[in-house]
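With full-length UniProt numbering applied, the sequence shown closes on residue 319, and no number is skipped along the way.
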Amino acid sequence: MQEFVSFGLQGALIRQLAWLPQGYELVPESTVMTSGRLRTVMLRLEAAAGSYVLVKLGRHLALKEQAPILTMLRHGGTPSLVAERWRRLESYAHARGRTEYQATNRSITLHRGAVRGQAPSRVENLLLHGFMVGLLEAIGVEGITSVVLPSHGSGVTMVRNGKLVKVRDFAGRGLRWRISWQSFVPVSPGYPFMANMPGTAPPAIVGRPVIRKLAAILEADVGRGWTIDEVASQLDTSARTLQRRLQNANTRFSDLMRLTRVREACRLIGGTQMSIGEIGYWCGFTDNAHFSRDFRRLVGMPPSVYREAYLGHAGLTRA
1 MQEFVSFGLQ GALIRQLAWL PQGYELVPES TVMTSGRLRT VMLRLEAAAG SYVLVKLGRH
61 LALKEQAPIL TMLRHGGTPS LVAERWRRLE SYAHARGRTE YQATNRSITL HRGAVRGQAP
121 SRVENLLLHG FMVGLLEAIG VEGITSVVLP SHGSGVTMVR NGKLVKVRDF AGRGLRWRIS
181 WQSFVPVSPG YPFMANMPGT APPAIVGRPV IRKLAAILEA DVGRGWTIDE VASQLDTSAR
241 TLQRRLQNAN TRFSDLMRLT RVREACRLIG GTQMSIGEIG YWCGFTDNAH FSRDFRRLVG
301 MPPSVYREAY LGHAGLTRA
């Protein structure tokens, strides 16, 4: 549950409890929600209403809530990119549970494991099961069927052709499941978090046409783990040719990627209320230390100091 707590999604989960019969009775008033307490709430929910309700809750969370992290996860892309963004979020939050995945044209299989300690509990896995179903539906996947794949015995269908199956209980932790679908027509919601660029951000990428085209590709999805082969393909050239052109322009792919990410971070720091951690994740950094190091290198100050300076320059104060 650490990922949900670290990025403020526990509040969204509690809000989604309102449509359940038990409602807020599961969460005492003024409770400070830790990862452990959130897990306890989910255990009580499963015991009272059945396993399928956790899948339903996770699905509602992904589809209905408007938290910045959810906007990031739902921002275009493909099923594989959604799974990759979630895996990077787990790493960024230093969560104990980690999700691996394998994708085909019409299915994705996810498997939960642990970096240290005990494997994730069933309530965590069921919640994430529904959460991934909701994220895929949000980007345009339709006709979903999802099946828990136990180590022994038959699979347990949780969603069939887009409709929830009311499974009360089943054996095992639900560590592995497969989501398949009938069709996928990508949704293009437009780039989120539009704001003015602070004047003290690093200068924009200029130079040869190939450099400007490369920058536009990177800026279109700055949080993606781009490889030079992927961008070369979009530029209708080879990775070797692109590297040579970058060398001739006295730059490197990694330098352009870093500059693009820091520029976007400056824009979001100055133009949104997102937390520094949320911005670092959205811009593709592996953790806060990596974000702060690259930001300081290009801007000359840590992200938090940049925000204070920007707010002061704009004549604003913190609430």
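Don't be surprised by glycine CBs; every beta carbon is placed ideally from N, CA and C.
Extent of the continuous beta strand (DSSP E) to which residue i belongs
i, result
"Gly113", "Ser107 to Ala114"
"Met158", "Val156 to Arg160"
"Arg37", "Taken as a continuous stretch (DSSP letters only), Arg37 belongs to no beta strand (DSSP E), being part of the alpha helix (DSSP H) at Ser35 to Ala49."
"Ala103", "Gly97 to Ala103"
"Ile179", "Arg176 to Ser180"
"Ser121", "Segment: none, Ser121 is in no beta strand (DSSP E) and carries neither H nor E."
"Val147", "Thr145 to Val148"
8 Å contact criterion, which residue i and residue j should meet: CB distance rounded
i, j, result
"Gln16", "Leu57", "6 Å"
"His111", "Glu124", "At roughly 13 Å, the Cβ-Cβ gap does not stay under 8 Å, so His111 and Glu124 are not in contact."
"Asp294", "Arg258", "5 Å"
"Val41", "Leu126", "Going by Cβ atoms, the distance from Val41 to Leu126 rounds to 13 Å, so no, they are not a contact pair."
"Gly8", "Ala67", "6 Å"
"Trp181", "Val147", "About 12 Å; that fails the 8 Å criterion."
"Ala249", "Ile211", "6 Å"
Unbroken alpha helix (DSSP H) run spanning residue i, endpoints
i, result
"Ile69", "Pro68 to Leu73"
"Ser6", "Gln2 to Ser6"
"Thr260", "Phe253 to Gly271"
"residue 327", "Summary: the structure shown does not reach residue 327, with the chain confined to residues 1 through 319, and so no result is reported for it."
"Thr241", "Ala239 to Asn248"
"Pro79", "Pro79 to Tyr92"
"Lys213", "Pro209 to Ala220"
"Val53", "Tyr52 to Lys64"
"Ala171", "Careful: Ala171 lies outside any alpha helix (DSSP H) and carries neither H nor E."
"His152", "Note, His152: premise wrong, no alpha helix (DSSP H); not H, not E."
Cβ-based neighbour list, residue i, same chain, cut-off 7 Å, excluding 5 preceding and 5 following
i, result
"Val222", "Thr260, Arg261, Glu264, Cys283 and Gly284"
"Gln2", "Ser35, Ala93, Ala95 and Arg96"
"Ser292", "Pro302 and Pro303"
"Ala239", "Ile228, Asp229 and Ala232"
"Val115", "Arg96 and Arg98"
"Arg74", "Leu135, Ala138 and Ile139"
"Ala319", "Caution is warranted here: a pLDDT of 31 is assigned to Ala319, below 50, making its placement in the model unreliable, and the coordinate value is therefore given only provisionally. Cβ within range, chain order: n/a, list empty."
Closest by C-alpha distance to residue i, when choosing among the options
i, options, result
"Glu84", "Arg245, Gly225 and Ala309", "Gly225"
"Gln118", "Arg96, Ser51 and Ile217", "Arg96"
"Thr157", "Leu45, Ile179 and His111", "Ile179"
"Leu214", "Leu246, Ser183, Val185 and Arg240", "Leu246"
"Tyr310", "Asp255, Asn105, Ala249 and Ile269", "Ile269"
"Arg88", "Val299, Gly280 and Thr104", "Gly280"
"Ser91", "Arg44, Ser6 and Leu242", "Ser6"
"Leu136", "Val299, Thr237 and Pro186", "Pro186"
"Arg208", "Ser183, Phe184, Arg267 and Arg244", "Arg244"
"Met274", "His290, Phe170, Val299 and Arg307", "Arg307"
"Phe170", "Arg160, Phe184 and Leu149", "Leu149"
Beta-carbon contacts of residue i that lie in its chain and below 6 Å, excluding the five residues immediately before and after
i, result
"Arg296", "Pro302"
"Gln102", "Thr109"
"Gly162", "Gly143 and Ile144"
"Pro120", "Gly97 and Arg112"
"Thr317", "Its pLDDT being 40, under 50, Thr317 is placed unreliably by the model, and the measurement read from it follows with that caveat. Taken in chain order, the list of residues that qualify is empty."
Pairing CB atoms from the stretch 58-66 with CB atoms from the stretch 131-141, are three or more of them under 8 Å? yes
If we count Cβ pairs, one from each stretch, closer than 8 Å, do we get three or more for the stretch 152-165 versus the stretch 76-85? no
Three-pair Cβ contact test at 8 Å for the stretch 167-181 versus the stretch 41-56: Judged by Cβ distances under 8 Å, the stretch 167-181 makes contact with the stretch 41-56, as three or more pairs qualify.
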